[in-house]
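Please read the structure below before turning to the comments.
Numbering (the UniProt record's numbering), first residue to last: 1 to 250.
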C-alpha cells in the first residue's frame with residue numbers, strides 16, 4: 001500500500017499574503033485540506049486565511065478539537081483526528097493540515113503528527129514552515145527580537161507567575177504568546193519588575209481589528225485570544241556581537 005503524504009502547512013499570522021510560496025503550492029495541489037476547529041463550532045481562522053489560495057471546490061474537512069486543558073480529553077482528540085487523517089491518506093491521496101503561524105510552535109498539528117508517527121509510521125509527513133505572529137508583530141512595530149549575542153525566550157501566556165518572573169531574568173528578550181487569559185498577571189509582573197515601559201502589546205496581527213500598543217496600560221484588560229506581549233532588551237543595550245563576517249552572512 002502506498003500512503004498519501006500529509007503536509008503540515010503554516011499559514012502565517014493572518015494576512016493571506018504572508019503565506020510562503022511552498023505553502024501556496026501545497027495548498028493548490030493537496031487532495032484534501034484538514035482544518036482544525038473548536039468542537040463548539042466549525043469556524044477555522046486558518047481556513048479563512050488560506051481560502052484565497054484554494055482552488056474552486058476544494059475538498060475541506062474540519063477536525064474538531066476541544067478548547068480545554070484536560071490532558072485526557074486532548075489526547076483522545078489527537079488520537080481520533082489522527083486516525084481520521086490516516087483513513088484518508090490510506091487511499092493514496094494527499095492532505096494538507098493547515099495551522100496558524102508555524103506548525104511546530106504551539107500548534108495542534110505537532111500533536112497530531114506525533115500520533116501518526118507512532119501509530120502509522122509509514123505515512124510520509126512534510127512540514128511547511130510559516131511566519132509566526134511574533135515575527136509579524138515585531139515587523140509591524142520594528143521591534144528587534146534579539147541582536148548580537150542576546151537570547152530570546154518564548155513563553156506561553158498560560159505559564160504561572162513564578163515561571164514568568166524567572167524567565168524575565170534569564171533572557172534578554174522575551175515574547176509571551178497567547179497572552180489573553182493571564183494578561184492581568186503579566187502586566188502586573190512586568191510593572192513590578194520595571195519592564196512594562198519597554199513592553200509592547202499586539203493583538204490580531206494581520207486580521208481585521210488589529211491593535212498594537214507601545215504601552216501595556218493602553219491595552220484592553222481582556223484582550224483577544226490572538227494576543228501577545230513583546231519585552232525587548234533596553235534600547236540603550238550594549239551589543240556583544242559575533243565576528244563581523246558572521247553578522248554579514250545573516
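We treat Cβ as the ideally placed atom computed from N, Cα and C, and that holds for glycine. Computed from a prediction, not measured in an experiment: that's the story for all the values here.
Under the 10 Å beta carbon count, residue 225 is surrounded by fewer than 16 other beta carbons and is classified as exposed. Residue 176 is bridged by DSSP to 155 and 229. Around residue 22, the same chain offers 128 as residues with beta carbons nearer than 7 Å, after the five sequence neighbours per side are excluded. Collapsing the DSSP output to three states places residue 83 in a helix.
Bounds of the alpha helix (DSSP H) holding residue 184 are 183-192. In the DSSP assignment, no residue is bridged to residue 197. The region 116-136 makes no contact with the region 54-70: fewer than 3 CB pairs, one atom from each, lie closer than 8 Å. Here the alpha carbon of residue 124 sits roughly 14 Å from the alpha carbon of residue 9. Inclusion of residue 200 and residue 108 in the CB contact set at 8 Å is not warranted, their separation being larger than that value. Distance from the Cα of residue 176 is smallest, within the candidate group 34, 57 and 232, for 232. In the structure shown, residue 32 falls within a strand segment according to DSSP collapsed to helix, strand and coil.
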